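FYI, in mature numbering (1 follows the signal peptide of the UniProt record, and there is no 0) the residues of the sequence shown are -16 to -1, 1 to 446. Beta carbons are placed, not taken as given, at the ideal position from N, Cα and C, and that holds for glycine. Source: prediction; values computed, not measured. Shown next, in structure tokens, is the structure this report addresses.
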Amino acid sequence: MKVALLSSFLLGASFAAPAPDSHHHHHHLARRHQHQHAKRDVVIVYETVTVDKNGKTLGTGSATTTALQAPVAPAAASPIIPEDAVPLPIVNVPQAFKQAENLITAANVAAPTAAAAPVVAPTKDTPVAAPAKETPVAAPAKETPVAAPTTKKAETPAPAPAAPVDTPSTGNSGVGSLAIDASSGASVAKPLGDFVPPTTQFQDGKLACSTFPGMYDGVVALPNLGKNGYNSIQLGSGDYEQTDSCRPGYYCSYACQPGMSKTQWPEDGQPANGVSLGGLKCGSDGKLYLSRPSVPYLCQWDHQAALVENQASQAIAIGRTVYPGSENMVDPTFLKPGAISPLSVPDQNIFKWRGNPTSAQYYVNNAGISQVDGCAWGTPGSTLGNWAPMNFGAGYADGIAWLALIGNPNNMQGTNFKIKIVSVSGTMNGECGYDGRKYTGSSATGNGCTVACKGVCKFVMY
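Shown next, in the form of structure tokens:
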């Protein structure tokens, strides 16, 4: 996604008109408005950007603003962090976002749902907050002009120690226990158990660029894309040119198993024309090198904050966009009936496109679509890939996961299954669902809905 900025996903966005052979990425800008007593509302500006198959920006839709209350810290939790102790991730608001046309207050959230199953076992890399008891929230905010954000006040969530308890089963019948379809040709030579940290560090200058680095922890080979296993190969100059072979001067990107993200992209060399570059660098000697040497592992776990479950009667293919990279929706999560998988929830500060925070975007195909067909660039009217009927959004900021259902303007026909976001552990504010035709729940608008989750929440397709 062209930058999904997150502290939350807004829905109710004004979408740009679909262009042939294009898809839409969403910019999200989270702002906090100061109030007395250190209480803050999260205000999200949501903008749609149309890009073509090569990641080139074609146009920008109108922006929309929303406010959503973050989960309130339980009474027994640690003291609330003072306002001045939490630096805001964004200070200067781009002019494009200030010109929002409609303020939608998605803050009409119900009280947090009761805690369900135990929290997923945390790791040292991605701690998860301890389960929180049910906590009432303030009354819903009314619609208000953009210049005057809702006066609803949200408690800054207090940090709480994680509780190491049982991990929910994420068994699948794909590659090992991974939500990947082996019949597609996809393979993971060194799969990791859920949230088991990687141990194999990449060695610069050892592998030829023509050799896919599938021998490293969590790396997924995608031979069906015709790029020797890579998911994106881009010229390092920032031109929109892409190729099918990894050769000197190119960035060669790779997929990671569900719940993980790739770690490699040039932190100081992103093009000024809007293209995002990601992957290992193919050097002039024809060998692969880390483009982000500060992280020696090729894949890393994102925040342990979301799961996705398939309760439908047929398999469902979900394609995550390659970002930074080509932004094609080819990184697979393939769920057979009854399967559960981690869903990557990246930190909003992990990658900055033009200084903006980021998040993950997923294209959700109708049930019954194969991984090969669904996790690829589709054709107009096909309902596949960038023409899939649904988007999931996921990002993380200030200890809160922001999870969303987002309508795809390329395909307004609806899904052949229903979706809901539910709390697994901790506290969830907002209600968000989709009945196959319209969005439901307290945070629903005509184009989607969002929830704020402190703990673990789950996308359930049924």
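{"query": "Pair within 9 Å by beta-carbon distance, residue 414 and residue 360", "result": "no"}
{"query": "Contact check, residue 216 vs residue 235, beta carbons under 9 Å", "result": "yes"}
{"query": "Coarse secondary structure for residue 358, derived from DSSP in three states", "result": "helix"}
{"query": "Beta strand (DSSP E) segments (min. 3 residues) lying fully within the region 408 to 441", "result": "none"}
{"query": "Status (buried if at least 16 other CB within 10 Å, exposed otherwise) for residue 348", "result": "buried"}
{"query": "Residue 326, enclosing beta strand (DSSP E) - first and last residue", "result": "324 to 326"}
{"query": "Three-state secondary structure (DSSP) of residue 249", "result": "coil"}
{"query": "3 or more residues per run - each beta strand (DSSP E) lying fully within the region 354 to 400", "result": "374 to 381 and 384 to 391"}
{"query": "Where residue 229 falls: helix, strand or coil (DSSP)", "result": "coil"}
{"query": "CA-to-CA distance, residue 315 to residue 411, given in whole angstroms", "result": "29 Å"}
{"query": "Residue 205, DSSP secondary structure in three states", "result": "strand"}
{"query": "Proximity to residue 181 [Cα-Cα], best of 272, 169, 280 and 437", "result": "280"}
{"query": "Status (buried if at least 16 other CB within 10 Å, exposed otherwise) for residue 232", "result": "exposed"}
{"query": "Beta carbon of residue 291 nearer than 9 Å to that of residue 244", "result": "no"}
{"query": "Buried or exposed (CB count within 10 angstroms, at least 16 for buried), residue 446", "result": "exposed"}
{"query": "DSSP state of residue 91 mapped onto helix, strand, coil", "result": "For residue 91, the predicted structure reports a pLDDT of 30, less than 50, and the residue's modelled location is therefore unreliable. The matter cannot be settled from this model."}
{"query": "Helix, strand or coil at residue 102 according to DSSP, with G and I counted as helix", "result": "Any reading at residue 102 is ruled out, since the residue's pLDDT is 36, under 50, leaving its predicted position unreliable."}
{"query": "Residue nearest to residue 345 in terms of C-alpha spacing, selected from 387, 355 and 321", "result": "387"}
{"query": "Residue 318 to residue 278 span [Cα, whole Å]", "result": "31 Å"}
{"query": "Cβ neighbour criterion (16 or more within 10 Å) applied to residue 190", "result": "exposed"}
{"query": "Helix, strand or coil at residue 301 [DSSP, three-state]", "result": "strand"}
{"query": "Straight-line gap, residue 389 to residue 258 (C-alpha atoms, nearest Å)", "result": "25 Å"}
{"query": "Bounding residues of the beta strand (DSSP E) (the contiguous stretch that carries residue 186)", "result": "First-last for residue 186: undefined, no H or E at that position."}
{"query": "Residues that residue 293 bridges to, as DSSP identifies them", "result": "324 and 444"}
{"query": "Residue from 331, 194 and 253 whose Cα sits closest to the Cα of residue 262", "result": "253"}
{"query": "C-alpha distance - residue 124 paired with residue 427, whole-angstrom precision", "result": "Because the pLDDT of residue 124 is 37, which lies under 50, any placement of that residue in the model is unreliable, and the question is left without a value."}
{"query": "Neighbourhood of residue 169 by C-beta distance below 7 Å, restricted to the same chain and skipping five residues each side", "result": "207 and 208"}
{"query": "DSSP three-state assignment for residue 344, whether helix, strand or coil", "result": "strand"}
{"query": "C-alpha gap between residue 437 and residue 380, whole angstroms", "result": "9 Å"}
{"query": "As assigned by DSSP and simplified to three states, the class of residue 310", "result": "coil"}
{"query": "Selected residue, minimal CA-CA separation from residue 300, among 289, 325 and 307", "result": "325"}
{"query": "Assigned secondary structure, residue 167 (DSSP; H/G/I helix, E/B strand, else coil)", "result": "helix"}
{"query": "Whether residue 433 touches residue 417 by CB criterion (9 Å)", "result": "yes"}
{"query": "Inter-residue spacing [alpha-carbon to alpha-carbon] between residue 376 and residue 271", "result": "36 Å"}
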